[in-house]
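Asker: At the far end of the sequence shown sits residue 566, using UniProt numbering, and the numbering has no gaps. For glycine and all other residues, C-beta sits at the position ideal for the given N, C-alpha and C. None of the values given here were measured: they were computed from a predicted structure.
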Amino acid sequence: MPAGRTGLLTPFEPGTRTLEAGFQVAPQFKPLPVDVVFDKDVAMTLRDGVTIHIDVFRPATTDEVPVIMAYSPYGKAQGTSMSVMGVFGLVGVPNSAVSGLEKFEAADPAYWVAQGYAIANPDIRGVVDSDGDSVLWDRQDGRDAYDIIEWLAEQEWSNGKVAMSGTSYLAVAQWFAASEQPPHLIAINPWEGVSDVYRDLVMRGGMPDTGFARQLQEGSFFGKGQKEDILAEVDAYPLINELWENKIPAFEKITVPAYVVASYSNTLHTAGTFRAWRRMASEQKWLRIHNSQEWPDYYDEANVEDLRRFFDHFVKGEDNGWETTPRVRYSVLDLEGGDEVAVAADQFPPTEVALTKFFLDGRTRVLSTDAPAERVPAVYTVAANPNAVSFLATFDSETVLVGYPKAHLLVEARDADDMDLFVLMQKLGAHGTPLEAFTTPNHGAMIHDLTDHGATILKYKGSDGRLRVSTRHLDETLSTVDVPAHTFDRVEKLEPGQIAEIEIDLFPVGLKFYPGEQLRFIISSRNLLGTLMPAIQEYAGANSGQHVIHTGGEHASYLQLPVQKA
Numbered sequence: 001m002p003a004g005r006t007g008l009l010t011p012f013e014p015g016t017r018t019l020e021a022g023f024q025v026a027p028q029f030k031p032l033p034v035d036v037v038f039d040k041d042v043a044m045t046l047r048d049g050v051t052i053h054i055d056v057f058r059p060a061t062t063d064e065v066p067v068i069m070a071y072s073p074y075g076k077a078q079g080t081s082m083s084v085m086g087v088f089g090l091v092g093v094p095n096s097a098v099s100g101l102e103k104f105e106a107a108d109p110a111y112w113v114a115q116g117y118a119i120a121n122p123d124i125r126g127v128v129d130s131d132g133d134s135v136l137w138d139r140q141d142g143r144d145a146y147d148i149i150e151w152l153a154e155q156e157w158s159n160g161k162v163a164m165s166g167t168s169y170l171a172v173a174q175w176f177a178a179s180e181q182p183p184h185l186i187a188i189n190p191w192e193g194v195s196d197v198y199r200d201l202v203m204r205g206g207m208p209d210t211g212f213a214r215q216l217q218e219g220s221f222f223g224k225g226q227k228e229d230i231l232a233e234v235d236a237y238p239l240i241n242e243l244w245e246n247k248i249p250a251f252e253k254i255t256v257p258a259y260v261v262a263s264y265s266n267t268l269h270t271a272g273t274f275r276a277w278r279r280m281a282s283e284q285k286w287l288r289i290h291n292s293q294e295w296p297d298y299y300d301e302a303n304v305e306d307l308r309r310f311f312d313h314f315v316k317g318e319d320n321g322w323e324t325t326p327r328v329r330y331s332v333l334d335l336e337g338g339d340e341v342a343v344a345a346d347q348f349p350p351t352e353v354a355l356t357k358f359f360l361d362g363r364t365r366v367l368s369t370d371a372p373a374e375r376v377p378a379v380y381t382v383a384a385n386p387n388a389v390s391f392l393a394t395f396d397s398e399t400v401l402v403g404y405p406k407a408h409l410l411v412e413a414r415d416a417d418d419m420d421l422f423v424l425m426q427k428l429g430a431h432g433t434p435l436e437a438f439t440t441p442n443h444g445a446m447i448h449d450l451t452d453h454g455a456t457i458l459k460y461k462g463s464d465g466r467l468r469v470s471t472r473h474l475d476e477t478l479s480t481v482d483v484p485a486h487t488f489d490r491v492e493k494l495e496p497g498q499i500a501e502i503e504i505d506l507f508p509v510g511l512k513f514y515p516g517e518q519l520r521f522i523i524s525s526r527n528l529l530g531t532l533m534p535a536i537q538e539y540a541g542a543n544s545g546q547h548v549i550h551t552g553g554e555h556a557s558y559l560q561l562p563v564q565k566a
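1) In the structure shown, what three-state DSSP assignment does H184 receive?
2) Could you tell me the distance, in whole angstroms, from the CA atom of V389 to the CA atom of G403?
3) Around the C-beta of N385, are 16 or more other C-beta atoms found within 10 angstroms, so that it is buried, or is it exposed?
4) For I188 and N266, what's the separation of their Cα atoms in angstroms?
5) Given a cut-off of 8 Å, decide if Y558 and K357 are closer than it, judged by their beta-carbon atoms.
6) Determine the burial state of H431: buried for a count of at least 16 other Cβ atoms within 10 Å of its Cβ, exposed for fewer.
7) Report yes if the C-beta distance between P249 and S282 is below 8 Å; otherwise report no.
8) Fully enclosed by the segment 53-96, which alpha helix (DSSP H) runs are 4 residues long or longer?
9) Is it the case that the Cβ atoms of F176 and G132 are separated by a distance below 8 Å?
10) Taking all protein chains shown into account, decide if Q560 is buried (16 or more other Cβ within 10 angstroms of its Cβ) or exposed.
11) Could you check what DSSP says for Y117 in three-state terms: helix, strand or coil?
12) Whole-angstrom Cβ separation of V37 and K161, contact assumed at under 8 Å?
13) Which of the three DSSP states is assigned to R288 in this structure?
14) Look at the alpha carbon of S158 and the alpha carbon of R47, and state the distance between them as a whole number of angstroms.
15) Can you tell me which residues form a DSSP beta bridge with P434?
16) Over what stretch of residues does the alpha helix (DSSP H) that includes residue 625 continue unbroken?
17) DSSP three-state label for H448, please.
18) Taking only the alpha-carbon atoms, compute the straight-line gap between A213 and G75 and give it to the nearest angstrom.
19) Would you kindly check if the distance between the Cβ of A110 and the Cβ of L32 is under 8 Å?
20) Can L474 and G205 be called in contact, C-beta distance under 8 Å?
21) Examine the ligand COA and report whether any of its heavy atoms sits within less than 7 Å of the Cβ of P249.
22) Nearest by alpha-carbon distance to P11: which of R17, L19, M1 is it?
23) Output yes or no for whether 8 Å exceeds the beta carbon distance between P534 and T270.
24) Which value, in whole angstroms, describes the spacing of the CA atoms of R278 and V343?
25) Just the Cα atoms here: how many angstroms apart are G510 and D319?
26) Can you find the residues in the same chain that come closer than 7 Å, C-beta to C-beta, to S524, ignoring five residues on each side of it along the sequence?
27) By Cβ distance, which residues of its chain are closer than 6 Å to V491, with the 5 residues on each side in sequence left out?
28) Using the DSSP secondary-structure output, state which residues sit across from D277 in a beta bridge.
29) Near Y514, what residues of its chain come up, given a Cβ to Cβ distance below 7 Å and the 5 sequence neighbours on each side ignored?
30) Considering only their Cβ atoms, is the gap separating K30 from S99 smaller than 8 Å?
31) Applying the criterion that 16 or more other CB atoms from any shown protein chain within 10 Å of the CB defines a buried residue, is D346 buried or exposed?
32) Please state whether DSSP places residue 570 in a helix, a strand or coil.
33) Decide if P94 is buried, meaning its Cβ has at least 16 other Cβ atoms within 10 Å, or exposed.
34) Quick check: N442 and G49, are their CB atoms within less than 8 Å of each other?
35) Whole angstroms are fine: how far does the CA of K512 sit from the CA of A407?
What follows is the structure, given as structure tokens:
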């Protein structure tokens, strides 16, 4: 383990001890409110004979208790590492908000043990002192999680009921675990996470954008075993095949109660979280869409209490009124300090949303609900500045968008046989200024530097989408009227003069426009937002020649928006 990823409790020291109330793992962290029994580096054997190690924090009681598991490759003792403390410092979450005993992005034992739950933090296969070779977001994670869940249910201190919680990798693992249907998994709490490695992580829009995958592969999974080489797999298998199919959970087999948390602004996790929410089979599922970044949202005291009500109801069987919680609570951003949160609805998008086509006009560069009769293309040269075209819609009355935007475009490549297209939907203020909002409590100088271009999970600049035009073939089974889905199983290059009809899904939105404000829709050959996190390599579109966006007449390109009816 690199020094920066090593926590105070990383050394391999099997055994059981009691951490007394008031214990602090280090001075900057929250003290324990109650005595905690700490079972460290407990060996457990997976079905294929691989031995892994698990840390368990549990109440000092003879009563049997339920357990919350945090499944990820991030060392189970990294809560006190320099890397985790640095990440929390970057986003503005104080170290004093947690005990330092929590796994990165996971539930804090200081809180949950006091509420009568055990916390189980495994080092999964191939990580730290656990045996085996690691994989990256795969159905193997689901099988391993199944084995750990069933083992936890059999422990003498356990009442046989297991739940899962956590953000990012810990959320993704929950899709895979629940789809394996372990008998003792009672409820899940995926708090933002990809749900399709191909479409969300390495080949979004059919483009080989592997900057964050490289960071995951090279900057995580430290241990004795071999790491899966996801970068080599992208090179070898650029189209969907069995390898990538095994990195998509079987959503139709996810049937346990689920409390899913999402945001509009996490350019890694947003699409995957909403996809899993839509496709999972659970009849008892709740969705909360917040207006910040996942880490401060996850450790916010009110949100932790909200999650406890969910777990208390399903895991402990308490009649606490959770079932009256709205199935959907969404946010409406205005990017001007007046965001609305916890807006109740029965579904997402809400029923009072009308899908409305705003047609592109290449002559006036406006977006209008009336299709222009005149055919006027909008053209840019890839090597020129600007290498983009944009269109504006001005709202005369207060307008709220809630749901999934999509772009339906007719495009042509000149002097090229393919196009990497990037699209962005921005909100402009009354004076035409693009409006943005930090998603983190930290608004310091460094955050400004990082987010001027890139670090998109830290600042929201609008809803974006992308598509390599040669991978435009739609999946007729999965596509809906508001969310197009592509098969990514074929390459269809463009012929000279060919006009291709394409659909691009943009991230879901909850966005309010006041009278006089504008929506700007941009189409470009370059990545308009930059990378999702700092210090990762940015993808540059594989483009040349000219891009032609056809508008008007029989080539009526449009942006479809989910407009909430007044």
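Answerer: Quick look at the numbers:
1) Position 184 of the sequence shown, counted from the first residue, corresponds to residue 184. Under the three-state reduction of DSSP output, H184 falls in the coil class, being neither helix nor strand.
2) Counting from 1 along the sequence shown, the entry for residue 389 is found at position 389. Counting from 1 along the sequence shown, the entry for residue 403 is found at position 403. If I take the Cα positions, the gap works out to 24 Å.
3) Taking the sequence shown and counting its residues from 1, one reaches residue 385 at position 385. Classification of N385: exposed, given that the 10 Å Cβ count is below 16.
4) In the sequence shown, counting from the first residue as 1, residue 188 sits at position 188. In the sequence shown, counting from the first residue as 1, residue 266 sits at position 266. So the two alpha carbons sit approximately 20 Å from each other.
5) In the sequence shown, residue 357 corresponds to position 357, counting from 1. In the sequence shown, residue 558 corresponds to position 558, counting from 1. Yes; because the gap between Cβ atoms is below 8 Å, this pair is in contact.
6) Taking the sequence shown and counting its residues from 1, the one referred to as residue 431 is at position 431. If you draw a 10 Å sphere on the C-beta of H431, you find fewer than 16 other C-beta atoms in it, and that means exposed.
7) Locating residue 249 in the sequence shown gives position 249, counting from the first residue. Locating residue 282 in the sequence shown gives position 282, counting from the first residue. No, the Cβ-Cβ distance between P249 and S282 is not below 8 Å.
8) DSSP runs (the alpha helix (DSSP H)) wholly in the segment 53-96: 82-91.
9) The count along the sequence shown starts at 1 and reaches residue 176 at position 176. The count along the sequence shown starts at 1 and reaches residue 132 at position 132. Not a contact, by the Cβ cut-off of 8 Å.
10) Here residue 560 corresponds to residue number 560 of the sequence shown, with the count starting at 1. Classification for Q560: buried.
11) Along the sequence shown, read from residue 1 onward, the residue named residue 117 stands at position 117. Y117 falls in the coil class under three-state DSSP.
12) The residue given as residue 37 occupies position 37 in the sequence shown. The residue given as residue 161 occupies position 161 in the sequence shown. Contact flag wrong, Cβ pair sits at about 18 Å.
13) Here the question's residue 288 lines up with position 288 in the sequence shown. DSSP places R288 in strand when its eight states are reduced to three.
14) Residue 158 sits at position 158 when you count from the first residue of the sequence shown. Residue 47 sits at position 47 when you count from the first residue of the sequence shown. Distance from the CA atom of S158 to the CA atom of R47, rounded to whole angstroms, is 21 Å.
15) Position 434 of the sequence shown, counted from the start, is the residue given in the question as residue 434. According to DSSP, P434 bridges with L428.
16) Because the chain spans 1 through 566 in this model, residue 625 falls outside it and cannot be assessed.
17) Here the question's residue 448 lines up with position 448 in the sequence shown. Reduced to three states, the DSSP call for H448 is helix.
18) Along the sequence shown, read from residue 1 onward, the residue named residue 213 stands at position 213. Along the sequence shown, read from residue 1 onward, the residue named residue 75 stands at position 75. For A213 and G75, the distance between alpha carbons rounds to 18 Å.
19) Translated into the one-based positions of the sequence shown, residue 32 becomes position 32. Translated into the one-based positions of the sequence shown, residue 110 becomes position 110. With respect to the 8 Å criterion, L32 and A110 are classified as neighbours on the basis of their beta carbons.
20) In the sequence shown, residue 474 corresponds to position 474, counting from 1. In the sequence shown, residue 205 corresponds to position 205, counting from 1. Going by C-beta atoms, L474 is not nearer than 8 Å to G205.
21) Annotation note on the ligand COA: not contained in the displayed structure, which lists no ligands.
22) For the purposes of this step, residue 11 is taken as residue 11 along the sequence shown, with counting starting at 1. Among R17, L19, M1, the Cα nearest to that of P11 is on M1.
23) Counting from one through the sequence shown, the residue named residue 534 turns up at place 534. Counting from one through the sequence shown, the residue named residue 270 turns up at place 270. Taking 8 Å as the Cβ cut-off, P534 and T270 do not qualify as a contacting pair.
24) Position 278 of the sequence shown, counted from the start, is the residue given in the question as residue 278. Position 343 of the sequence shown, counted from the start, is the residue given in the question as residue 343. Distance between the alpha carbons of R278 and V343 is about 19 Å.
25) Residue 510 sits at position 510 when you count from the first residue of the sequence shown. Residue 319 sits at position 319 when you count from the first residue of the sequence shown. If you take the alpha carbons of G510 and D319, they lie about 33 Å apart.
26) As a position in the sequence shown, residue 524 is number 524, starting the count at 1. Short of 7 Å from the beta carbon of S524, and not among the five residues preceding or following it, lie these beta carbons of its own chain, in chain order: N387, A388, F422.
27) As a first step, residue 491 is located in the sequence shown; it is residue number 491 there, counting from the start. Close CB contacts of V491 within its chain, under the 6 Å cut and outside five residues either way in sequence, are with S470 (chain order).
28) On the sequence shown, residue 277 is found 277 positions in, with the first residue counted as 1. Before going on, a small fix: residue 277 reads as Trp here, not Asp. For W277, which the question treats as bridged, DSSP gives no partner whatsoever.
29) Within the sequence shown, numbered from 1, the residue matching residue 514 stands at position 514. Result list for Y514: E398, in chain order.
30) Position 99 of the sequence shown holds residue 99. Position 30 of the sequence shown holds residue 30. Remark: C-beta atoms of S99 and K30 approach each other more closely than 8 Å.
31) What you label residue 346 is simply residue 346 of the sequence shown in a count that begins at 1. By the beta-carbon neighbour count (other beta carbons within 10 angstroms, threshold 16), D346 is exposed.
32) In the structure as shown, the chain begins at 1 and stops at 566. Residue 570 is therefore absent and cannot be evaluated.
33) Start at 1 with the first residue of the sequence shown, and residue 94 comes out as number 94. Around the CB of P94, fewer than 16 other CB atoms lie within 10 Å, so the residue is classed as exposed.
34) Within the sequence shown, residue 442 is the residue found at index 442, counting from 1. Within the sequence shown, residue 49 is the residue found at index 49, counting from 1. Against a cut-off of 8 Å, the Cβ pair of G49 and N442 comes out as no contact.
35) The count along the sequence shown starts at 1 and reaches residue 407 at position 407. The count along the sequence shown starts at 1 and reaches residue 512 at position 512. Straight-line Cα distance between these residues: approximately 19 Å.
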